[in-house]
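The sequence shown begins at 538 in this note's numbering and counts up by one. For each residue, glycine too, the CB sits at the ideal point set by N, CA and C. For reference, the structure discussed in these notes is given below.
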Amino acid sequence: MGQWQDKNLPIVVGIDGSSSALDAARWAAREAARRSAPVYLVSAFGWSGHRHLGDPGLGGYRESMLADTWRTVAVAAKAARHVAEGVEISELTLDGFPVPLLVTESRTAGLLVIGDRGLGGFTSLLIGSVAIRLAAQAECPVVVVRGEDSSGTGPVVVGIDGSPVSEAALEFAFDAADARGVPLIAVHAWNDHAVAFAVTEPVEWDAAEAEEHRLLAERLAGWSEKYPDVEVRRVVVSDGPAHALIEQATASSAQLVVVGSHGRGSAAGLVLGSVSHALLHHSPCPVVVVRPDPSTHAETSR
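Written out as structure tokens, the structure reads:
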């Protein structure tokens, strides 16, 4: 069981003064309203004075920067409250640097939400390696908010690769679709070139495709029973996973794309990192990266 299933846990948002961070705050507030959860708006104040001398002659400048940081968080709080009245919003300015701070906050969070373009204290949260690091290190699902209108009303799209890791993404995606009352599009992309290189005998392509359909149906069976009200649309394509997910999300005007993460220290995680990286650049809607529960993943990896 992932900690995100505890709907009372706070939704943590990385705030840096960018318009993208404001989008993240609004998205988080709407999600918090669905969950009846609080929102923590977190801004990093990475001032590093000398450990013995402190900040000689810079105290006034430091206080001015700190005041600016607080104002930035206040603006985000106003934006969040505007779209979700009644949601508990906490404004936090913490000493430290963005990534380690957010990873620490994720340990007691239901979701970690960031924008797709950083600024100021969160400049390093530009689309790319740091977002992938957060997705690999955070102890809760990471949402990267993309799209001009992140409030979306379309379906939820989830990527399924046949591995146990995708179970975590499936669970999150089914839950999200159920909470929103929208269909779920389950996408399984397979590469016919990989199949051709893996065998020495002539390939029965119809049989190979049928096997991919069977695999997808098998992965979905238990979850469809648990969430009987969720309409599931199955998509099996011979394509790269990132391209397939982006195409489905665009064509369906999806409101979320969900993928699983192998997490730290996994070679397979590097492959998923490339998929996530492509989604963060090109997805038309917010992207959710879900890591499996460590205890469950340990059992399935044995």
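Distance, residue j Cα to residue i Cα
i, j, result
"residue 680", "residue 600", "32 Å"
"residue 756", "residue 785", "19 Å"
"residue 678", "residue 578", "16 Å"
"residue 556", "residue 633", "22 Å"
"residue 630", "residue 583", "10 Å"
"residue 711", "residue 768", "10 Å"
"residue 533", "residue 576", "Lying outside 538 to 839, the shown extent of the chain, residue 533 is not represented and no answer is given."
"residue 822", "residue 689", "8 Å"
"residue 642", "residue 558", "17 Å"
"residue 548", "residue 747", "41 Å"
"residue 674", "residue 560", "23 Å"
"residue 691", "residue 722", "10 Å"
"residue 648", "residue 570", "13 Å"
"residue 617", "residue 567", "8 Å"
"residue 682", "residue 670", "16 Å"
"residue 619", "residue 611", "12 Å"
"residue 770", "residue 714", "12 Å"
"residue 606", "residue 745", "56 Å"
"residue 603", "residue 614", "17 Å"
"residue 694", "residue 622", "28 Å"
"residue 707", "residue 697", "8 Å"
"residue 565", "residue 783", "22 Å"
"residue 580", "residue 562", "12 Å"
"residue 760", "residue 552", "35 Å"
"residue 751", "residue 719", "24 Å"
"residue 544", "residue 684", "25 Å"
"residue 628", "residue 550", "10 Å"
"residue 817", "residue 743", "33 Å"
"residue 819", "residue 672", "17 Å"
"residue 728", "residue 787", "21 Å"
"residue 828", "residue 699", "15 Å"
"residue 758", "residue 717", "21 Å"
"residue 830", "residue 572", "20 Å"
"residue 574", "residue 790", "27 Å"
"residue 598", "residue 654", "26 Å"
"residue 801", "residue 624", "Low per-residue confidence applies at residue 801: pLDDT is 47, beneath 50, and the placement is therefore not dependable, though the value from the model is reported in the following sentence. Cα to Cα, residue 801 sits roughly 33 Å from residue 624."
"residue 826", "residue 644", "15 Å"
Identified DSSP bridge partners for residue i
i, result
"residue 725", "773"
"residue 627", "577"
"residue 795", "695 and 825"
"residue 582", "632"
"residue 783", "DSSP, once it has assigned bridges, lists no residue as partnering residue 783."
"residue 548", "576 and 648"
"residue 682", "652"
For residue j and residue i, believed in contact at Cβ under 8 Å, the rounded distance
i, j, result
"residue 546", "residue 646", "6 Å"
"residue 795", "residue 709", "6 Å"
"residue 609", "residue 554", "4 Å"
"residue 753", "residue 773", "6 Å"
"residue 725", "residue 749", "6 Å"
"residue 702", "residue 797", "4 Å"
"residue 863", "residue 676", "Since the displayed the chain opens at 538 and closes at 839, residue 863 lies outside it and no answer follows."
Residue i at chain D interface by Cβ criterion, 8 Å
i, result
"residue 568", "Any reference to chain D falls outside this structure, which holds one protein chain only."
| Meets three-Cβ-pair contact criterion under 8 Å: the stretch 764-779 and the stretch 626-638 | In short, these stretches do not touch, since the Cβ pair count stays below three.
| Sequence ranges, beta strand (DSSP E) only - wholly within the stretch 736-781, length at least 3 | Assignment of beta strand (DSSP E) within the stretch 736-781, counting only whole runs of 3 or more residues, yields 769-775 in chain order.
| query | Are three or more beta carbon pairs between the stretch 812-821 and the stretch 759-773 nearer than 8 Å? | reply | These segments do not touch.
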